[in-house]
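Offset between the sequence shown (1-based) and the working numbering: plus 19.
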Amino acid sequence: MRDLSRGDRGKEVLDVQTRLHSQGFELGREGVDGFFGPHTELAVLSFQQQRGLLADARVGANTWRELVESGYALGDRLLYLREPPFRGDDVLSLQVKLNLLGFNAGPERGVYDEEVERAALDFQQNAGLHADGIVGESTLKKLEAVRKAESGREGKKIPDRDGGYVPARSLAGNSVTIDPGHGGTDLGVTSAGGLAEKDVTLALGLRTAELLRAEGCRVRLTREGDDRVPVYARAEAANGAATDFLLSLHCNADASPAARGGTAYYFQRSHYYSEHGRRLACSIGSRMEAAGFPWIGRFGRNYALLREARGIVLMVEPLFLTNPDDEDLAQQPGCMEKLARALVGGLADYLARIPPYRDDAP
Ligand SMILES: [Zn+2]
């Protein structure tokens with residue numbers, strides 16, 4: 020699907036509006052009319068803000084996926100383990116319910132994976148139901164019947180079940196997947212002088228991988244050439260390799276050429292966030308600043324890759340390709356070296372500081 024934004028018209032806009040409307044977003048007097056006007060723009064913006072997406076009022080692949088997934092309520096469809104897995108708010112709310120009851124349904128990402136199935140089977144067995152891992156009416160009824168009050172849960176930090184455990188406290192022995200963003204026909208952001216994000220992320224990714232290998236890490240790249248790799252394939256590459264860390268590399272862009280500064284994004288969806296993703300973001304940010312790169316900060320986001328990949332996942336955008344200084348910098352020979360060293364140094368600092376074993380207690 021092409022990106023939709025203000026001024027667009029057609030069946031796809033109609034579809035977006037229908038979904039927004041059914042989820043209670045205000046579309047003004049025009050309503051569902053197939054025209055992407057100011058009210059639709061506002062509705063997309065509030066939807067993006069509410070869901071932790073990049074709020075740019077455009078419906079691109081990520082926002083579209085989120086619109087589809089957020090349309091499902093628990094009970095709308097049967098849930099079970101399949102390939103590709105069920106994704107959506109119904110799975111998320113199933114995980115929340117199971118986790119509240121003490122069945123470990125894994126990090127609340129809204130993906131029906133093996134961990135959710137195991138928890139569902141566990142629950143069915145305990146509840147005296149036929150244990151088949153298929154969540155339908157009878158399982159939901161039982162869940163509702165034994166559900167504890169959810170009050171007091173809002174705003175609490177949920178333990179980071181997938182984080183905090185790493186095989187080694189030093190770089191050696193850890194497995195790291197490096198994900199250079201974009202590639203092939205997907206250029207990513209392009210600078211005023213024609214520098215493409217996909218080339219910057221590849222150069223940085225390859226150098227980072229070399230440095231990590233030299234430190235004794237097991238390293239895998241989601242691409243080593245100019246290839247187009249879909250986002251789910253990137254997550255699967257990391258999951259298949261049972262990776263401890265996934266570093267996804269991108270560049271930032273803004274309508275204003277003055278915007279500058281590095282950012283890192285970790286997974287966050289409503290009250291659930293990745294504590295270790297956040298810690299890693301801090302360590303890398305400090306190293307970037309120490310290396311002389313301006314740093315804006317770290318943010319929790321519900322991006323598809325952050326949600327889908329297991330282990331400790333971080334998306335880093337060290338440069339703004341729309342900023343002339345950063346554009347210059349990106350083409351200087353030493354720049355990728357400095358950035359790669361900051362990434363590796365940040366990872367080493369994180370590993371040196373983490374508490375001994377799956378211990379999130381302050
Ligand atoms: Zn990008």
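Note that the Cβ used here is the ideal one computed from N, Cα and C, for glycine as well.
Proximity to residue i [Cα-Cα], best of the options
i, options, result
"Gly364", "Gly259, Leu333, Ala309", "Ala309"
"Val110", "Glu102, Glu88, Asn123, Leu120", "Glu88"
"Gly192", "Met334, Arg237, Arg226, Gln68", "Arg237"
"Ala233", "Thr209, Leu190, Ala272", "Leu190"
"Val51", "Ile373, Gly29, Gln67", "Gly29"
"Glu327", "His295, Ala367, Glu255", "Glu255"
"Leu117", "Glu102, Leu100, Val135", "Val135"
"Glu294", "Asn258, Gly71, Ile373, Asp141", "Ile373"
"Arg84", "Leu100, Phe66, Arg101, Tyr99", "Phe66"
"Leu221", "Met355, Asn258, Ser275, Glu102", "Met355"
"Gly311", "Gly319, Asn321, Asp344", "Asp344"
"Leu100", "Thr82, Leu61, Arg137, Gly121", "Arg137"
"Gly200", "Ala257, Asp218, Leu325", "Asp218"
"Ala257", "Ala277, Arg48, Asp198", "Asp198"
"Leu366", "Asn342, Arg188, Asp141", "Arg188"
Rounded straight-line distance, which links the Cα of residue j to that of residue i
i, j, result
"Ile177", "Tyr292", "Only weak support is given to the placement of Ile177: the predicted model assigns it a pLDDT of 41, under 50, and the value that follows is read from those uncertain coordinates. So the two alpha carbons sit approximately 7 Å from each other."
"Thr196", "Ala164", "43 Å"
"Ala250", "Glu243", "Note that residue 250 is Val in the sequence shown, not Ala. So the two alpha carbons sit approximately 15 Å from each other."
"Leu46", "Leu230", "51 Å"
"Leu223", "Leu340", "14 Å"
"Phe15", "Gln36", "No statement about residue 15 is possible, as the shown extent of the chain runs from 20 to 381 and does not include it."
"Asp132", "Arg306", "35 Å"
"Gly107", "Gly90", "8 Å"
"Val63", "Gly26", "14 Å"
"Gly56", "Asp205", "28 Å"
"Ala361", "Thr59", "41 Å"
"Gly183", "Leu33", "Reliability of the predicted coordinates at Gly183 is poor, the pLDDT of 48 falling under 50, and the value obtained from them is presented with this limitation in mind. Whole-angstrom Cα-Cα distance: 44 Å."
"Leu370", "Ala300", "12 Å"
"Arg253", "Thr241", "6 Å"
"Leu72", "Glu336", "16 Å"
"Gln143", "Val115", "16 Å"
"Leu113", "Arg320", "21 Å"
"Arg297", "His149", "40 Å"
"Tyr322", "Ser275", "23 Å"
"Asp141", "Ala278", "50 Å"
"Ala74", "Gln42", "18 Å"
"Thr82", "Leu338", "23 Å"
"Leu86", "Arg70", "9 Å"
"Arg317", "Leu325", "14 Å"
"Asp368", "Gly235", "16 Å"
"Glu102", "Gly259", "14 Å"
"Gln68", "Leu61", "11 Å"
Sub-8 Å separation of residue i and residue j beta-carbons
i, j, result
"Pro104", "Val78", "no"
"Gly353", "Pro313", "no"
"Val154", "Gly202", "no"
"Arg288", "Arg38", "no"
"Leu265", "Gly330", "yes"
"Thr282", "Ile303", "no"
"Tyr285", "Leu333", "yes"
"Gly94", "Leu162", "no"
Own chain partners of residue i with C-beta closer than 7 Å, once the 5 adjacent residues on each side are dropped
i, result
"Ala359", "Leu223, Arg226, Thr227, Leu230"
"Ala168", "Only weak support exists for where Ala168 lies, its pLDDT of 42 falling under 50; the coordinates are left without a value."
"Asp22", "Arg77, Val78, Gly79"
"Gly212", "Glu346"
"Gly174", "A caution first: Gly174 carries a pLDDT of 38, below 50, which makes its placement in the model unreliable, though a value can still be read off. If we look at Gly174 and ignore the five residues flanking it on each side, its Cβ neighbours are His290."
Cut-off 6 Å between Cβ atoms - residues of its own chain near residue i, not counting five sequence neighbours on either side
i, result
"Ala139", "Gly152, Val154"
"Val208", "Glu216, Cys270, Ala272, Leu340"
"Arg172", "Legend: pLDDT at Arg172 = 44, less than 50; position of this residue unreliable, no value from coordinates given."
"Asp246", "Gly202, Gly203"
"His40", "Leu46, Val51"
"Ser194", "Arg237, Thr262, Asp263"
Neighbourhood of residue i by C-beta distance below 8 Å, restricted to the same chain and skipping five residues each side
i, result
"Leu97", "Ile153, Val154, Gly155"
"Arg180", "Note that Arg180 has pLDDT 41, beneath the 50 cutoff, so the model's placement of it is unreliable and no number is given."
"Leu214", "Leu340, Glu346, Ala349, Gln350"
"Ala92", "Asp108, Asp109, Ser112"
- Item | Around ligand 1, Cβ to any heavy atom closer than 7 Å, ordered along the chain | What you get when you keep residues with a C-beta closer than 7 Å to any heavy atom of ligand 1 is Gly200, His201, Gly207, Val208, Glu216, His269, Cys270.
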